[in-house]
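> One structure follows; several queries about it will come next.
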Amino acid sequence: MDVVEVLPHLHMFRFAVGQAYLWRDGTSLTLIDTGLPGSGPEIAEAVRGLGHDTGDIARIVLTHFHQDHVGSAAEVRSWHGAPVLAHEADAPIIRGERPGPPPVLADWEKPLFESVASGLPEAPPTPVDRELADSEVLDFGGGARVLLRPGHTDGSIAIHLPAHQVLFTGDTIANVQHLGVGVFNLDTARTVESFRDLSELDTEIACFGHGDPIIGGAGAALRAAVAAMD
Numbered sequence: 001m002d003v004v005e006v007l008p009h010l011h012m013f014r015f016a017v018g019q020a021y022l023w024r025d026g027t028s029l030t031l032i033d034t035g036l037p038g039s040g041p042e043i044a045e046a047v048r049g050l051g052h053d054t055g056d057i058a059r060i061v062l063t064h065f066h067q068d069h070v071g072s073a074a075e076v077r078s079w080h081g082a083p084v085l086a087h088e089a090d091a092p093i094i095r096g097e098r099p100g101p102p103p104v105l106a107d108w109e110k111p112l113f114e115s116v117a118s119g120l121p122e123a124p125p126t127p128v129d130r131e132l133a134d135s136e137v138l139d140f141g142g143g144a145r146v147l148l149r150p151g152h153t154d155g156s157i158a159i160h161l162p163a164h165q166v167l168f169t170g171d172t173i174a175n176v177q178h179l180g181v182g183v184f185n186l187d188t189a190r191t192v193e194s195f196r197d198l199s200e201l202d203t204e205i206a207c208f209g210h211g212d213p214i215i216g217g218a219g220a221a222l223r224a225a226v227a228a229m230d
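Quick note on UniProt numbering: the sequence shown kicks off at 1 and runs consecutively.
Quick look at the structure:
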């Protein structure tokens, strides 16, 4: 796993598949997504390497139910009881109460899905301590706004920190080879509309579930990508 500094108080954890983010407010940490099952030891090592204890993780925010995002949430929660937060639409899937619906794949996505996603380990059920709603504000980053932007999954959320002009997009947007809509969506048309909505936010730094963050001018880059899709 690679640890990449985005800002002095924001680091990206890049796994073999997908990535997570660690936001710091003083000694309080927020982990956004958790990688595949088995990523816990790497996360713990990275947290300690940044000068913190795993007990400093105050909350775990999950952007959606896919296993490369929720896979190690149960393990991280088990360390010191950090609560897991996820949108109410995806929470039953994360808890293992019902299976997640499969993506609706375009023909060109099918071989990619087979090579990248179909063999990934299933995420163990994870308690969801707090079910989130659209426009809810969380107590980190100067007020972190939860934005329900469905399409990738029904409960896909983005997290916007207006005070810092930072946006975590989950998999609604990806920056792999080019900036565009994420793949493996339940409803690609809805995902495109969610991308449009997110592009209108006041954003300087955009952090994606897959691909390098954009550091500086992210809002303009997102709007240019929307214009290119049009």
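Cβ atoms here follow ideal geometry from the backbone N, Cα and C, with glycine treated the same way.
Please determine if the stretch 97-109 and the stretch 74-82 are in contact, where contact requires at least 3 C-beta pairs separated by less than 8 Å.
These segments do not touch.
> Roughly how far, in whole angstroms, is the beta-carbon of Val-166 from the beta-carbon of Ala-174, given that I think they are within contact range, below 8 Å?
Contact doesn't hold; Cβ gap of about 17 Å is too wide.
> Check whether the stretch 34-41 and the stretch 207-226 touch, using three or more Cβ-Cβ pairs below 8 Å as the test.
The answer is no - the stretch 207-226 does not touch the stretch 34-41, with fewer than three Cβ pairs under 8 Å.
> Please state whether DSSP places His-178 in a helix, a strand or coil.
Three-state DSSP puts His-178 in a strand.
> By a C-beta neighbour count over all protein chains shown, 10 Å radius and 16 as the cutoff for buried, is His-64 buried or exposed?
His-64 is buried by the Cβ-count criterion.
> Given that a residue counts as buried once 16 or more other Cβ atoms are within 10 Å of its Cβ, and exposed if not, what is Arg-149?
Counting Cβ neighbours within 10 Å, Arg-149 comes out buried, since at least 16 surround it.
> Taking C-beta to C-beta, are Asp-129 and Asp-90 nearer than 8 Å?
No, they are not a contact pair.
> Pick helix, strand or coil for Trp-23, following the three-state DSSP scheme.
Strand at Trp-23.
> Cβ of Asp-202 within 8 Å of Cβ of Gly-219?
Yes, the pair counts as a contact, with Cβ atoms nearer than the cut-off.
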